[in-house]
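Visitor:
There are 2 protein chains.
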Amino acid sequence: MSGNADKPGLICASSGLMTDLYQITMAAGYFQAKKQVEASFELFVRRLPENRGYLIFAGLEQALDYLRDLRFHADEVDYLRSLPAFQHVDRRFFDYLREFRFGGEVWALPEGEAAFANEPLLRVTAPIIQAQLVETYLLSTINFQTLIATKAARVVESAQGRAVVDFGARRAHGPEAGVLAARACCIGGCVGTSNVHAARILNLPAVGTMAHSFIMAFDSEEEAFHAFRQAFPETTVLLLDTYDTLEAARKVARMPGPIRGVRLDSGDLCALSKEVRRILDGAGKKDVRIVVSSDLNEYRIEKLIQDGAAIDIFGVGTEMVTSRDQPALGGVYKLVELIEGGEVEPKIKLSLEKETYPGRKQVFRQNDAQGRYAGDVIAKADEELPGGKALLEPVMKKGQILKPHPPLSEVQLRAKESREKLAPEIRRLRQPADYPVHYSQALKDLLQQVLQSMNARMVPGTDL
Amino acid sequence: MSGNADKPGLICASSGLMTDLYQITMAAGYFQAKKQVEASFELFVRRLPENRGYLIFAGLEQALDYLRDLRFHADEVDYLRSLPAFQHVDRRFFDYLREFRFGGEVWALPEGEAAFANEPLLRVTAPIIQAQLVETYLLSTINFQTLIATKAARVVESAQGRAVVDFGARRAHGPEAGVLAARACCIGGCVGTSNVHAARILNLPAVGTMAHSFIMAFDSEEEAFHAFRQAFPETTVLLLDTYDTLEAARKVARMPGPIRGVRLDSGDLCALSKEVRRILDGAGKKDVRIVVSSDLNEYRIEKLIQDGAAIDIFGVGTEMVTSRDQPALGGVYKLVELIEGGEVEPKIKLSLEKETYPGRKQVFRQNDAQGRYAGDVIAKADEELPGGKALLEPVMKKGQILKPHPPLSEVQLRAKESREKLAPEIRRLRQPADYPVHYSQALKDLLQQVLQSMNARMVPGTDL
C-alpha cells in the first residue's frame, strides 16, 4: 500500500479498475460490436431492509466525484492488456480506455432526502459503455452510505433529542468504511464523530476523551484525572468505570473548577447514570454532561430513555457503522431505456419474482395539509403530475457536476426535515407501516406495452 | 475527495489522524504528564461470533504497513492545533507529533493461521503514546479482514472443493472495503475476485463475464452472445437467465467452438443447473463450466450440493463480503503490561463480566498424532511449554518490518492447511464444538497475584 511509490494503493478512488471485471469485458464487447447506443440505468432498492420504513439517501457526493474523476491510467490499461482474457481484444479498445472520460448525464435525489422501495435514487444516461462501467462504484458508495445514514436516523430517532455521536471507527469494515460511515452517521443526525480524519475532511466535530488504559497507566485514578485535565482544562471528559464508577463520580464531584463531562462504558448504564447524576448534582455540578457507550443501538437507547436514564450523549459504534441488524442494502442498477438511432426503447428484464418498470422515471411526492409527506407516485420522466414535487433533479451534464456539493450540515438538515415529515408509524423502530408509493397510469401502460412487445418477440418460455 | 489537490482524500492510510480522537487526547495527556512508560497491548477477540468454531487471522500486512508509514503531516498537526479542545495543550506536543514515528515491537500470529477466543493475535510493545495511538487502525483492519477471511473459509468449506469466487464489490462497505474483502476472501480460500483493482494489486485472478444489461442491449440473445465471443473467444462465459435459461442453454449447445462457461443468476439454481448440464453434455460440451450466483451463502451452497446441483463455480457476494449473519468482529486491544523504570507491572481492567489475563502472552498449540490441532495453551510470553508450538512470532522491531510480507498465495495456503488441521466438529457450519484453549498455571498464578495487589490498593467497591 503506501510507502512504496511503485505499488498502487489499496484504494484509488478515480481508477477505472475500481470495478467488477465484467464491466470492462462488457465494454470490450460493446466496443468491438460497435454498439452505438445511449443507455439509461436507474439505481434503486427493491425492498427496504427489515424494520426500515424509509431510507435516507446518502453517498451522492462521492458518486459524482467519482464520475468526474474517473480515468484509466496508463499502468492500469497495461495491466488489462496483460490479462490472458484480453489477448484477443481489439487493440483500439485500450486506446479508447486511455482516453475514457465519463461524459453522461445524471439525475438524482438530493442527499439526505427520504426515499422508499423501487424509487430511482439516481439515474445515469450515457453511451452504454460509460453508463455500464460505473455501476459497481456507484452501488458501492450509495448502498453503504444510504444503509448507514438510515441506521443512524433510527438511532437518532430513538435518542429523542439527546445527542448521538459516532464511535465506530474500530469496527467499521476497514479504515475508509470508518470515514464513510462517519459521514453517513452525521447525515442521519449524529452530531459528531470520534474519527479525526473524518472530522477534518468533512468539517465535523471530533469527539472523544480517554480509554481505560489511560487511567490504568497512572498510579491512581486521581492522578490520571489530574494529568488529563492539565492538558484539557476546559473540555475534560473523564472516564468513570475503570475501577469503581460511583467512587470515581465522587472524585469528580470533589474536583474544583469546570468539568465538561463524564463517560460510562460498562455496567447497568441506567442505574449508574442516575446515581452519577445524583452525586454530581449534589456537588453543584449540574452542568457536567453524562456520556455513555457500550454496544448501544436504537433498541437499547429507547429502553434507557424509557427507564429514565440520566444520559446526555450516546456514543454509538459497532451497531451503527455496520448497521449490524441489516448489514447490507440491496441497491441495484438496472437498464431501463436504450436510445439507438434516435429511437427510444424502454427496457426491463423479465422476472417472475421481481416487478420492474421500464423507462426513465421521476418520483413525485405529495404533501398533506400539515406539510407531511403523504405519498409518492413513480411516473415516467416526462410526465407532469400536478400537486407533486419532482424529487429527481439534474446533478451532472456532459460529465460536469452542475453545482457545488452542499455542505454536510445542509444534507444533515434535509435528512432531519425529511424524517420529521414522515408519519410516526413510518418512523417506528419496529414493523413500520408502509409509506404509500404508487405508479402512474402512464408508467403502468408503458409496462404493459413493453411486456406485449417482448412476448411477441420471444420464443415461448420453457424455463423450469 | 480526489480531483482537488488542496483537499485531503477520503482515506490517507499513513495519516496519524486515521484514528479516534481519544488516542490523540490521551497522547497529549501522557506527553504533558511526562509519562515515560513502556506499554504492551494485546489484540484479541473475547468471544467467537455465533456459529464460528475458529477464526482465520487476517489483516496483518496492512497493520504492519500502517505502523511503518504512520506520520502526522504538517497540515494534520495544524488541524489539531486549530481545534478548540487543544488550545491549552503544550505547544511542544505538536512538535512531538511532527516527528512522531512508530518505533515499537510487534509480535503476531502468521496471517492465515486459525485462532480462537482470548488468544492474542497481535501484541504491540512501545512507549505508551505510540502503543496507544495505533489502536484504532489496527483494530479496524484486523477486525474486518479476520471477520471476512473467517466467513469466506465457511463458504469455501460448504463448497466441498468446488471453486468459490468473490463477487461482492457492489455490496461491500465502500470501495476500500471491497478491496480488503477481496483480499480476505482469498485468504479464506476463494480462487478469484471480480474486483479488478483488488486483483491487480493483490495479484489475484480477476473473474467476471457479463450482466443482463449486456444481453438486453442487443436485438437478440444470440447477437449478444456472438458479440461477446468475438472479444473473448477463448474465455467466453455466457449469462443464460436474461430471458429463458434453458432456451439460452440450447443456443450455447449449438454454438461451435469452445465455450469456457455459462452463468445462472436466478431461478431454481439446483434444477436449472442439472438441466443445463444435461443440455450441454448432450451436445458434447462436457467441459463447459457452470457458474452460479444469486444471494449465495454457506448454507445455500451446502443445500445445493446436497441436492446434487451441477455447479462448478460459486460466485458469492453480499453475504460473504459483509459477513451478513455476523457483520462485526469484536476484537479489542487491551493494555496488559507496563514497564516503568525497569519494573514490570502486569495489568488488567477489573470487570465482573469479562475475564482478562494480565501480562504479555504466548500461544502454544499442540498437535495430535495425526498432525491435527489438539488444543492451545495461553501462557506467559517467557514460558516454554514443551510439546507446543509457539504461534506468536516477532514481525516488527524498532518500527521496522522484519521480513517481507509473504505472498497472498502463501497466506491462503496457511489458512487452508490450518483449517484442515481442525477437527470436523470445530469446522461445522452450525453450532461448532469448542476447540480446547487453556491457560498455563503460571498465567493463572499471575492473574491471582495481580488481583490481590489490586484489591490491596483499591477502596472497597461500591459499584452498583
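Order-wise, the sequence lines are chains A and B.
Taken in order, the first sequence gives residues 430 to 893; the numbers are from our numbering.
Taken in order, the second sequence gives residues 430 to 893; the numbers are from our numbering.
C-beta atoms are modelled at their ideal positions from N, C-alpha and C, and glycine is treated no differently.
Keep in mind the model is a prediction, meaning the values are calculated, not measured.
8 Å is my cut-off, CB to CB: does B/D449 come that close to chain E?
Guide: In the displayed structure, chain E is absent; the protein chains listed are A and B.
Visitor: Would you list, in sequence order, the uninterrupted beta strand (DSSP E) runs of no fewer than 3 residues that lie entirely inside the stretch 439-518 of chain A?
Guide: List check, beta strand (DSSP E) in window: 467-474.
Visitor: Between the stretch 604-618 of chain B and chain A, which residues of the former have a C-beta closer than 7 Å to a C-beta of the latter?
Guide: Residues passing the 7 Å Cβ filter: P604, E605, A606, G607, V608, L609.
Visitor: Within 10 angstroms of its Cβ, does A/V773 collect 16 or more other Cβ (buried), or is it exposed?
Guide: Within the first sequence, numbered from 1, the residue matching residue 773 of chain A stands at position 344. It counts as exposed.
Visitor: Would you identify the three-state DSSP class for A/E676, choosing helix, strand or coil?
Guide: Taking the first residue of the first sequence as position 1, residue 676 of chain A is located at position 247. It is helical.
Visitor: Leaving out five residues on either side along the sequence, give the residues of the same chain with a beta carbon under 8 Å from the beta carbon of B/D498.
Guide: Counted from its first residue, the second sequence places residue 498 of chain B at position 69. A442, S443.
Visitor: Apart from the five residues just before and just after B/A598, which ones in its own chain have a Cβ nearer than 7 Å to its Cβ?
Guide: For the purposes of this step, residue 598 of chain B is taken as residue 169 along the second sequence, with counting starting at 1. If we look at B/A598 and ignore the five residues flanking it on each side, its Cβ neighbours are G607, S623, N624.
Visitor: Got a sec: is the Cβ-Cβ distance from B/M645 to anything in chain A below 8 Å?
Guide: The count along the second sequence starts at 1 and reaches residue 645 of chain B at position 216. Closer than 8 Å to some Cβ of chain A, the Cβ of B/M645 qualifies, so yes.
Visitor: Count the other CB atoms, across all protein chains shown, that sit within 10 Å of the CB of B/L880; report buried if there are 16 or more and exposed otherwise.
Guide: In the second sequence, residue 880 of chain B corresponds to position 451, counting from 1. When all chains shown are included, B/L880 counts as exposed.
Visitor: Could you list which residues in chain A have their beta carbon closer than 8 Å to that of B/M825, in chain order?
Guide: Position 396 of the second sequence, counted from the first residue, corresponds to residue 825 of chain B. Residues of chain A passing the Cβ test: none, with the nearest at roughly 14 Å.
Visitor: By how many angstroms is the C-alpha of B/L551 removed from the C-alpha of B/D797?
Guide: As a position in the second sequence, residue 797 of chain B is number 368, starting the count at 1. As a position in the second sequence, residue 551 of chain B is number 122, starting the count at 1. If you take the alpha carbons of B/D797 and B/L551, they lie about 25 Å apart.
Visitor: Along the stretch 624-644 of chain B, what residues have a CB closer than 7 Å to any CB found in chain A?
Guide: Cβ contacts with chain A come from N624, V625, H626, R629, I630, A635, V636, G637, T638, M639, A640, H641, S642, F643.
Visitor: With A/D512 and A/F523 assumed to form a contact (beta carbons below 8 Å), what rounded beta-carbon distance in angstroms separates them?
Guide: Start at 1 with the first residue of the first sequence, and residue 512 of chain A comes out as number 83. Start at 1 with the first residue of the first sequence, and residue 523 of chain A comes out as number 94. In the sequence as displayed, the identity of residue 512 of chain A is Leu instead of Asp. Actually they are not in contact, since the Cβ atoms of A/L512 and A/F523 sit about 11 Å apart, beyond 8 Å.
Visitor: Using only the alpha-carbon positions, how far apart do A/G618 and B/V584 sit?
Guide: Taking the first residue of the first sequence as 1, we reach residue 618 of chain A at position 189. Taking the first residue of the second sequence as 1, we reach residue 584 of chain B at position 155. Taking the straight line from one Cα to the other gives about 37 Å.
Visitor: May I have the straight-line CA-CA distance separating B/G445 from A/R789, to the nearest angstrom?
Guide: For this step, residue 445 of chain B is matched to residue 16 along the second sequence. For this step, residue 789 of chain A is matched to residue 360 along the first sequence. So the alpha carbons of these two residues sit roughly 46 Å apart.
Visitor: Could you check which residue in B/L764, B/A862, B/S882, B/L675 has the C-alpha nearest to that of B/I557?
Guide: Start at 1 with the first residue of the second sequence, and residue 557 of chain B comes out as number 128. When only C-alpha atoms are compared, the closest one is B/L764.
Visitor: Taking Cβ-Cβ distances shorter than 9 Å, what residues in chain B pair up with A/E651?
Guide: For the purposes of this step, residue 651 of chain A is taken as residue 222 along the first sequence, with counting starting at 1. In chain order: nothing, as chain B lies at least about 11 Å away.
Visitor: Rounded C-beta distance between B/I571 and B/A492? I'm assuming under 8 Å.
Guide: Residue 571 of chain B sits at position 142 when you count from the first residue of the second sequence. Residue 492 of chain B sits at position 63 when you count from the first residue of the second sequence. Rounded, the Cβ-Cβ distance is 6 Å, consistent with contact.
Visitor: Considering only their Cβ atoms, is the gap separating A/K464 from B/H641 smaller than 8 Å?
Guide: Taking the second sequence and counting its residues from 1, the one referred to as residue 641 of chain B is at position 212. Taking the first sequence and counting its residues from 1, the one referred to as residue 464 of chain A is at position 35. The answer is no: Cβ separation not under 8 Å.
Visitor: For the candidate residues A/E812, A/G828, A/A819, whose alpha-carbon lies nearest to that of A/D874?
Guide: In the first sequence, counting from the first residue as 1, residue 874 of chain A sits at position 445. A/D874 has its Cα closest to that of A/E812, out of A/E812, A/G828, A/A819.
Visitor: Which two residues bound the contiguous beta strand (DSSP E) that contains A/Y868?
Guide: By 1-based counting over the first sequence, the position of residue 868 of chain A is 439. Start and end: 866-868.
Visitor: Going by C-alpha distance, which of A/R859, A/L439, A/S722 is nearest A/C699?
Guide: The residue you call residue 699 of chain A lines up with position 270 of the first sequence. Minimum Cα distance to A/C699 is reached at A/S722.
Visitor: What residues are listed by DSSP as bridge partners for B/Y802?
Guide: Position 373 of the second sequence holds residue 802 of chain B. Answer is B/N796.
Visitor: Our contact map puts A/L814 next to A/F793 with C-beta atoms below 8 Å; I'd like the distance itself, whole angstroms only.
Guide: The count along the first sequence starts at 1 and reaches residue 814 of chain A at position 385. The count along the first sequence starts at 1 and reaches residue 793 of chain A at position 364. Indeed, because the Cβ distance is near 4 Å, the residues count as touching under 8 Å.
Visitor: Which same chain residues, not among the five before or five after A/A628, have their C-beta less than 6 Å away from its C-beta?
Guide: Here residue 628 of chain A refers to the residue found at position 199 of the first sequence. Contacts found: T622, A635.
Visitor: Which residues in chain A have a C-beta closer than 7 Å to the C-beta of B/H502? List them in chain order.
Guide: Indexing the second sequence from 1 puts residue 502 of chain B at position 73. Under the 7 Å cutoff, chain A gives no residues; its nearest Cβ is about 11 Å from B/H502.
Visitor: Looking at the ligand MG, does it come within less than 7 Å of B/V879, judged from the CB to the closest heavy atom?
Guide: The model depicted lacks the ligand MG and carries no ligand whatsoever.
Visitor: Taking only beta-carbon atoms, is B/G458 less than 8 Å away from chain A?
Guide: Indexing the second sequence from 1 puts residue 458 of chain B at position 29. Yes, contact with chain A.
Visitor: In chain B, which residues lie less than 8 Å from A/Y728 when you measure between Cβ atoms?
Guide: Looking up residue 728 of chain A in the first sequence gives position 299. Near A/Y728 there are no residues of chain B at all, since even the closest Cβ is about 16 Å away, more than 8 Å.
Visitor: With which residues is A/A555 paired in a DSSP beta bridge?
Guide: For this step, residue 555 of chain A is matched to residue 126 along the first sequence. Answer is A/A468.
Visitor: Kindly indicate which three-state DSSP category B/K845 falls into: helix, strand or coil?
Guide: Working through the second sequence from its first residue, we reach residue 845 of chain B at position 416. Of the three classes helix, strand and coil, the one that applies to B/K845 here is helix, per DSSP.
Visitor: Can you pull the chain A neighbours of B/N424, defined as C-beta to C-beta under 8 Å?
Guide: Nothing about residue 424 of chain B can be reported from this structure: the residues present for chain B run from 430 to 893 only.
Visitor: Can you tell me whether DSSP reads B/G744 as helix, strand or coil?
Guide: The residue given as residue 744 of chain B occupies position 315 in the second sequence. Strand.
Visitor: May I have the straight-line CA-CA distance separating A/Q870 from B/F657, to the nearest angstrom?
Guide: For the purposes of this step, residue 870 of chain A is taken as the residue at position 441 of the first sequence. For the purposes of this step, residue 657 of chain B is taken as the residue at position 228 of the second sequence. When rounded, the distance between both Cα atoms is 38 Å.
Visitor: Less than 8 Å between the beta carbons of A/H602 and B/H602, yes or no?
Guide: Locating residue 602 of chain A in the first sequence gives position 173, where the first residue counts as 1. Locating residue 602 of chain B in the second sequence gives position 173, where the first residue counts as 1. Yes, these two residues count as a Cβ contact at 8 Å.
Visitor: Using only CA atoms, which one of B/M455, B/L477, B/G458, B/I485 lies nearest to B/M848?
Guide: Counting from 1 along the second sequence, the entry for residue 848 of chain B is found at position 419. The question names Met, yet the displayed sequence has Arg at residue 848 of chain B. Measuring from the Cα of B/R848, the nearest candidate turns out to be B/I485.
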